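Peer 1:
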Amino acid sequence: MPALSRPPHPRLRIGLTCIPLVCAVLAAGPAAAQPGTPAPATPVAPATPARLELQANDHVVLLGNTLADRQQYFNHFETTLLVVFPSLDLTVRNLSRSGDTMTLQPRPLNFGDAATHLTAQRADVILAFFGLNESFAGEQGLPDFERDLEAYVASHRTARYNGRSAPRLVLVSPIAHETLARLVHVDVDARNRELARYT
Numbered sequence: 007m008p009a010l011s012r013p014p015h016p017r018l019r020i021g022l023t024c025i026p027l028v029c030a031v032l033a034a035g036p037a038a039a040q041p042g043t044p045a046p047a048t049p050v051a052p053a054t055p056a057r058l059e060l061q062a063n064d065h066v067v068l069l070g071n072t073l074a075d076r077q078q079y080f081n082h083f084e085t086t087l088l089v090v091f092p093s094l095d096l097t098v099r100n101l102s103r104s105g106d107t108m109t110l111q112p113r114p115l116n117f118g119d120a121a122t123h124l125t126a127q128r129a130d131v132i133l134a135f136f137g138l139n140e141s142f143a144g145e146q147g148l149p150d151f152e153r154d155l156e157a158y159v160a161s162h163r164t165a166r167y168n169g170r171s172a173p174r175l176v177l178v179s180p181i182a183h184e185t186l187a188r189l190v191h192v193d194v195d196a197r198n199r200e201l202a203r204y205t
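So the number in my numbering is just where the residue sits in the sequence shown, counting from 1, plus 6.
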């Protein structure tokens, strides 16, 4: 295959970027233990991360901030899932919005909360993209973030959005800030240190 004489189109680059994201999400696995398992007093990273196993007819729902929100405009993530797992007959819905945090998700009056929409979508798998917006609180915001994250995971452990079982929850951490020459007013290294705290 001949080498490209020019960089790929931006949409192709986004699509190529989503393939590793799909692989990372599937390899990362659920963030929470099975329902009914008591949470450890101190979070302990598993030696080998659990692996998310998608099942036939799963309803996969994306929640969270801009990283998830932008995927509804290009659909590379959803398309890759459906291409990689054609026989599973997956349903993918994106309920995210830019600016969402775990505790603040402003919506119009009478729109319904996240639980209402997760139930309407019969969510089996939730991909939760949080941490970026929360990271702007800096190091002093970490205790609130950790408390909110524990409550968020606990609330999904007891929910039965599909009417049968708790959803398999995958936490997707914020991505690193890209170094761009035109962003001279941004201290990328400092920003990435903040993001790492919320990962």
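Cβ atoms here follow ideal geometry from the backbone N, Cα and C, with glycine treated the same way.
Owing to the predicted nature of the structure, the values given are computational and were not obtained by experimental measurement.
(1) Inspect the beta-carbon positions of Leu-73 and Leu-94 and report whether they are closer than 8 Å.
(2) What residue range does the alpha helix (DSSP H) around Arg-170 cover?
(3) Out of Leu-189, Ala-182 and Leu-186, which has the shortest C-alpha to C-alpha gap to Arg-199?
(4) Would you say Leu-133 faces chain D, with C-beta separation under 8 Å as the test?
(5) Ends of the alpha helix (DSSP H) at Thr-205?
(6) Looking only at C-alpha atoms, which of Leu-186, Met-108 and Ala-62 sits nearest to Arg-153?
(7) Within 10 angstroms of the Cβ of Ser-171, are there 16 or more other Cβ atoms? Answer buried if so, exposed if not.
(8) Is it buried or exposed for Leu-87, if we count other Cβ within 10 angstroms and need 16 for buried?
(9) Can you name the residues that DSSP bridges to Val-176?
(10) So Val-66 is in the beta strand (DSSP E); what residue range does that whole segment cover?
(11) Is Phe-136 buried or exposed, if buried means 16 or more other CB atoms sit within 10 Å of its CB?
(12) Using CA atoms only, rank isn't needed, just tell me which of Asn-71, Ser-102 and Val-66 is closest to Thr-85.
(13) What are the boundary residues of the beta strand (DSSP E) that includes Thr-97?
(14) How about Leu-148 and Arg-197: do their beta carbons lie closer than 8 Å?
(15) Should Pro-159 and Leu-175 be called a contact, given that it needs their Cβ atoms to be closer than 8 Å?
(16) Can you say whether Asn-116 is buried or exposed, counting buried as having 16 or more other CB atoms within 10 angstroms of its CB?
(17) From Leu-186, Ile-132 and Glu-140, pick the residue whose C-alpha is nearest to that of Leu-96; which is it?
(18) Rounded to the nearest angstrom, what separates Asp-75 and Pro-180 at their Cα positions?
(19) When you compare only the Cα positions, how much space is there between Gly-169 and Val-190?
Peer 2: Taking the definition as stated:
(1) no
(2) The continuous stretches of alpha helix (DSSP H) do not include Arg-170, and DSSP gives it neither H nor E.
(3) Ala-182
(4) The structure shown has no chain D; it contains just one protein chain.
(5) Taken as a continuous stretch (DSSP letters only), Thr-205 belongs to no alpha helix (DSSP H), as it is neither H nor E.
(6) Met-108
(7) By the 10 Å Cβ count, Ser-171 comes out exposed.
(8) Taking all protein chains in view, the Cβ of Leu-87 is crowded by 16 or more other Cβ atoms within 10 Å, so the residue is classified as buried.
(9) For Val-176, the beta-bridge partners assigned by DSSP are Leu-133.
(10) 65 to 70
(11) buried
(12) Val-66
(13) 97 to 100
(14) no
(15) First, the amino acid is wrong: residue 159 is Val here, not Pro. Against a cut-off of 8 Å, the Cβ pair of Leu-175 and Val-159 comes out as a contact.
(16) Classification of Asn-116: exposed, given that the 10 Å Cβ count is below 16.
(17) Ile-132
(18) 13 Å
(19) 51 Å
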